[in-house]
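Report on the following structure.
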Amino acid sequence: RKEVEQDPGPFNVPEGATVAFNCTYSNSASQSFFWYRQDCRKEPKLLMSVYSSGNEDGRFTAQLNRASQYISLLIRDSKLSDSATYLCVVKDTGGFKTIFGAGTRLFVKA
Amino acid sequence: GAVVSQHPSWVICKSGTSVKIECRSLDFQATTMFWYRQFPKQSLMLMATSNEGSKATYEQGVEKDKFLINHASLTLSTLTVTSAHPEDSSFYICSAAAGGASTEAFFGQGTRLTVV
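Chains as they are written, first to last, in the working numbering: chain E, 1 to 110; chain S, 1001 to 1116.
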């Protein structure tokens, strides 16, 4: 089993749609969680951290369920510019090892 | 956010030659640096983790004698691909962290290596 698993893509959605990505992790001792966005041929950039209480940043909402070892990202009112690959990222307890999920590709169409 | 500079951004080299990639944290001290490789349409794969002043820890399946990592200071880590072969052609990205579980990792711009 992979340490971090994400929904297989790609997701093709129209502008304005709501889309949700899921991610599961295998190490119950994992401590920190993030969603990164990666555009084609570019480095990943932090989208948002994920907290146990859940957090929201504009159209983006991230949630963490430690009991189920599950992370989610919800994007509301999708824009064309949201088209990218979204990476689920988990850090181990020491904070030194950062594990990436395989990524989920999102295409938002006009 | 913090800045991590990676150089070169792209390089073409002949089979059998070695290529060095530099990763610098410009405005913070990076106690830990990570090196990743990404093949087309695939996710980033962690190659190795290096802490300043100590030997790098390589992931399973990564040849330490082929991918030499040096982290001599808190602001610089280098990855040297030795005796490069066409199958080493890939996108290599470094990231740097100041340490601690909750700190964000900042990425370099990546290096696209093509071995001909």
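Every residue gets a Cβ at the ideal spot worked out from N, C-alpha and C, and that includes glycine.
Residue range of the beta strand (DSSP E) that residue i falls in?
i       : result
E:Y139  : Chain E is shown only over 1 to 110; residue 139 of chain E falls outside these bounds and no answer can be derived.
E:Y70   : 70-75
S:Q1029 : Note, S:Q1029: premise wrong, no beta strand (DSSP E); not H, not E.
E:V19   : 19-25
E:K109  : 104-109
E:Q63   : 60-65
S:R1112 : 1111-1115
S:S1077 : 1076-1081
E:V89   : 84-91
S:S1089 : Run containing S:S1089: none; DSSP gives neither H nor E here.
Is any beta-carbon of chain S found at less than 8 Å from that of residue i?
i      : result
E:F100 : yes
E:P44  : yes
E:G103 : yes
E:K97  : yes
E:L87  : yes
Check the Cβ-Cβ distances between residue i and every residue of chain E, and say whether any is below 8 Å.
i       : result
S:E1022 : no
S:F1107 : yes
S:E1052 : no
S:L942  : Nothing about residue 942 of chain S can be read from this structure; chain S reaches only from 1001 to 1116.
S:G1110 : yes
S:I1069 : no
S:F1028 : no
S:T1114 : no
S:I1093 : yes
S:E1063 : no
S:S1034 : According to the sequence displayed, residue 1034 of chain S carries Phe and not Ser. By this cut-off, S:F1034 is an interface position.
S:T1075 : no
S:T1078 : no
S:L1049 : According to the sequence shown, residue 1049 of chain S is Thr rather than Leu. By this cut-off, S:T1049 is an interface position.
S:E1087 : no
Closer than 7 Å by C-beta to residue i: which residues in its own chain qualify, once you throw out the five before and the five after it? Chain order, please.
i       : result
S:I1012 : T1114, V1116
S:L1046 : F1034, Y1036, E1059
E:C88   : V4, Q6, C23, W35, I71, G101
E:R59   : I75, R76, D77
Within a Cβ cutoff of 6 Å, which residues of the same chain sit near residue i, ignoring the five residues on either side of it in sequence?
i       : result
E:Y70   : T24
S:S1050 : M1033, A1056, I1069, H1071, S1077
E:L64   : F33, V50, S52, I71
S:A1096 : V1004, S1025, A1030, M1033, F1106
Here's a check: name, in chain order, each residue in its chain whose Cβ is nearer than 8 Å to the Cβ of residue i, leaving out the five neighbours to either side.
i       : result
S:F1067 : W1035, M1047, A1048, Y1058, L1079, T1080, V1081, T1082
Below 8 Å, how does it come out for the stretch 102-110 of chain E and the stretch 4-23 of chain E: are there three or more Cβ pairs, yes or no? Taking a contact to require three or more Cβ pairs closer than 8 Å, the stretch 102-110 of chain E and the stretch 4-23 of chain E qualify as touching.
Spell out a yes or no on whether the stretch 1066-1082 of chain S and the stretch 1019-1036 of chain S are touching, meaning 3 or more CB-CB pairs, one atom from each, closer than 8 Å. Three or more beta-carbon pairs drawn from the stretch 1066-1082 of chain S and the stretch 1019-1036 of chain S are found closer than 8 Å, and the two stretches are therefore classed as touching.
Mind the definition here: the stretch 9-21 of chain E touches the stretch 74-84 of chain E only if three or more C-beta pairs lie below 8 Å; say whether that holds. By the Cβ test, the stretch 9-21 of chain E is in contact with the stretch 74-84 of chain E, since at least three Cβ pairs between them sit closer than 8 Å.
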